[in-house]
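K.L.:
Residue numbers (the numbering used here): 1 to 388. All C-beta atoms, glycine included, are put in the ideal place defined by N, C-alpha and C. Remember, predicted model here, so these are calculated numbers, not experimental data.
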Ligand code: SF4
Ligand code: SF4
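(1) I want to see whether chain E comes within less than 8 Å of residue 218, judged by CB atoms only; does it?
(2) Given the structure, does residue 87 come close to ligand 1, in the sense that its CB is under 7 Å from one of the ligand's heavy atoms?
(3) Alpha carbon to alpha carbon, how far is residue 89 from residue 38? Give it in angstroms, no decimals.
(4) Which stretch, first to last residue, makes up the beta strand (DSSP E) that contains residue 265?
(5) Among 49, 346, 279, which residue has its Cα nearest to the Cα of residue 374?
(6) Among 364, 28, 113, which residue has its Cα nearest to the Cα of residue 305?
(7) Just checking, does the segment 95–110 make contact with the segment 41–58 on the three C-beta pairs under 8 Å criterion?
(8) Based on Cα-Cα distance, which residue from 193, 186, 203, 189 lies nearest to residue 170?
(9) Does residue 188 pass the burial test, meaning 16 or more other C-beta atoms within 10 Å, or should it be called exposed?
(10) Any idea if residue 236 is buried or exposed, counting beta-carbon neighbours within 10 angstroms, 16 or more meaning buried?
(11) Going by CA-CA distance only, name the one from 54, 298, 386, 94 that's closest to residue 84.
(12) What residue range does the beta strand (DSSP E) around residue 380 cover?
(13) From the DSSP output, in three-state form, read off residue 56 for me.
(14) Verify whether the separation of the beta carbon atoms of residue 264 and residue 300 is less than 8 Å.
(15) Find out if the Cβ-Cβ distance for the pair residue 290, residue 379 is shorter than 8 Å.
(16) Taking 8 Å as the threshold, find out whether the segment 112–130 comes into contact with the segment 208–223 through three or more Cβ pairs.
(17) Please report how far the alpha carbon of residue 7 lies from the alpha carbon of residue 97, in whole angstroms.
(18) Rounded to a whole number of angstroms, what is the C-alpha to C-alpha distance between residue 31 and residue 338?
(19) My guess is that residue 361 and residue 376 are in contact by the Cβ rule of under 8 Å, so how many angstroms apart are they, rounded?
(20) Does the structure place the segment 196–214 close enough to the segment 162–178 that three or more beta carbon pairs sit under 8 Å?
(21) Apart from the five residues just before and just after residue 154, which ones in its own chain have a Cβ nearer than 7 Å to its Cβ?
(22) Leaving out the 5 sequence neighbours to the left and right, which residues in its chain are closer than 7 Å to residue 77 when beta-carbon positions are compared?
(23) Considering only heavy atoms of ligand 2, does any lie closer than 7 Å to the CB of residue 53?
(24) Buried or exposed: residue 27, going by 16 or more other Cβ atoms within 10 Å of its Cβ?
(25) Output the residues surrounding ligand 2, defined as those with a CB atom closer than 6 Å to any ligand heavy atom, in chain order.
(26) Taking the Cβ atom as the reference point for each residue, do residue 81 and residue 135 lie within a distance shorter than 8 Å?
(27) The beta strand (DSSP E) with residue 233 in it runs from where to where?
(28) Taking 7 Å as the cut-off, does the CB of residue 98 come closer than this to any heavy atom belonging to ligand 1?
(29) Around the Cβ of residue 112, are there at least 16 other Cβ atoms within 10 angstroms (buried) or fewer (exposed)?
(30) Mind checking whether residue 267 and residue 182 have CB atoms under 8 Å apart?
(31) Out of 283, 344, 352, 248, which one is the CA nearest neighbour of residue 385?
(32) Measure the C-alpha to C-alpha separation of residue 11 and residue 22 and round it to an integer number of angstroms.
(33) Just curious, the beta strand (DSSP E) that residue 363 is in, first and last residue?
(34) Are the CB atoms of residue 303 and residue 270 within a distance shorter than 8 Å?
(35) Grab me the residues of residue 335's own chain with a C-beta within less than 7 Å of its C-beta, minus the 5 sequence neighbours each way, in chain order.
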């Protein structure tokens, strides 16, 4: 793709990166075929190719506009387009730059977005708010209700060992039992997980909202404060956090961030090679599982096939699920900020997941889990809960 970005913009790090990415796009449009928002709306500007042109326009003109804001806000950042693209266009990084420019020139005025950015990354604030709202959860919209279900009692995580377990802002408040369950699985395999009070949000929420400077500060604090040199591996049970933690090298670009990112593994990568037994879910034996790979796992981290392998070798039968590459509509705060599109995508996803009547639906990210949980009549669990 030809670009005419002004020299002053090209002289900046982001201008230079954006230009290099734009030039790899051959505008073939193949990415549109796997873009969930393009499938729903059929509008070129709601597909990756159209959004790439909008970002190109932003950088060439230096002026943010409402059209770009609308269509970039509607993008899920699921990165299915990256997996499809034959030219290797790094759409996720380009969208991040586009959002950064928009946020500088036309900052979002959404009160909900500001609230989410202010509260969700701070478990110290989120946990008491969730506890206060829990008694009133039946009065709230369905999409919020699952977030407020009281978690089952769990054992506290041990504070020792060489596996740093990142608890995640939402994960630790809404389904802390998943982290506790992982700790048990690791301990039974001679690994000793521990958590750190110094853990902050991974920075993903700010990064995807175009607040790159804020995201970088959070990331730098994590790199500086967490005991990276004392551990062999850093694991997150939420693939949405994991994809951002692995990205610290690209976003921060220094040696300490590289050392940090090199140690991050998705939990499937950490557990591959071990044997497990089946675990009952809500006291019931499970035979068939519909697996929903989060976009952050399959397109972001490019971890594919591992969970399936672990589950089948544990004795589960995975039912076929159509269009597994498509986002369920959760996408971080997207389901709250773009409820219509999120609901449409959820309905399509739940139809595909329940078609063969599975005993459970399993996924790997707290966002997908809570988003899907209120829409289907079968339990939606983190896949780790299926292992014993
Ligand atoms: S598939 Fe890749 S090269 Fe083709 S239009 Fe999409 S981003 Fe550009
Ligand atoms: S990230 Fe997802 S929603 Fe956004 S353009 Fe790519 S495929 Fe479409």
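P.N.:
For this structure:
(1) The structure shown has no chain E; it contains just one protein chain.
(2) Under cutoff, so the answer is yes.
(3) Going by the C-alpha atoms only, they are around 18 Å apart.
(4) Here the beta strand (DSSP E) through residue 265 covers 264–266.
(5) The residue among 49, 346, 279 with its C-alpha nearest the C-alpha of residue 374 is 346.
(6) Per the Cα distances, 364.
(7) They touch, by the three-pair rule.
(8) Measuring from the Cα of residue 170, the nearest candidate turns out to be 203.
(9) Per the 10 Å Cβ criterion, exposed.
(10) Around the Cβ of residue 236, a 10 Å sphere holds 16 or more other Cβ atoms; the residue is buried.
(11) Of the listed residues, the one whose Cα sits closest to residue 84 is 298.
(12) Segment 380–382, the beta strand (DSSP E) holding residue 380.
(13) Helix at residue 56.
(14) Their beta carbons are not under 8 Å apart, which means residue 264 does not touch residue 300 by this criterion.
(15) No, these two residues do not count as a Cβ contact at 8 Å.
(16) Taking a cut-off of 8 Å on C-beta distances, the segment 112–130 touches the segment 208–223, as three or more cross pairs fall below it.
(17) Each residue's Cα considered, the two are about 17 Å apart.
(18) If I take the Cα positions, the gap works out to 22 Å.
(19) Correct: roughly 6 Å between the Cβ atoms.
(20) Contact check between the segment 162–178 and the segment 196–214: three or more CB pairs, one atom from each, fall below 8 Å, which counts as touching.
(21) Note that residue 154 scores a pLDDT of 48, beneath 50, so its modelled location is shaky and nothing firm can be said.
(22) Cβ neighbours of residue 77 beyond the five flanking positions: 92, 95, 208, 331.
(23) No, Cβ of residue 53 sits at least 7 Å from all heavy atoms of ligand 2.
(24) With fewer than 16 other Cβ atoms within 10 Å, it is exposed.
(25) Chain order is used for the residues whose beta-carbon lies nearer than 6 Å to a heavy atom of ligand 2, namely 35, 36, 37, 48, 51, 75, 76, 77, 78, 79, 80, 81, 91.
(26) No Cβ-Cβ contact shorter than 8 Å links residue 81 with residue 135.
(27) Judged by DSSP secondary structure, residue 233 falls within the beta strand (DSSP E) whose first and last residues are 233–236.
(28) Because no heavy atom of ligand 1 lies under 7 Å away, the Cβ of residue 98 does not count as near it: no.
(29) Burial call: exposed.
(30) Yes. Within cutoff.
(31) Comparing alpha-carbon positions, the option among 283, 344, 352, 248 lying closest to residue 385 turns out to be 283.
(32) The C-alpha of residue 11 lies about 16 Å from the C-alpha of residue 22.
(33) For residue 363, the uninterrupted beta strand (DSSP E) segment begins and ends at 360–363.
(34) At the C-beta level, residue 270 and residue 303 stay beyond 8 Å of one another.
(35) Cβ neighbours of residue 335 beyond the five flanking positions: 143, 329, 342, 371.
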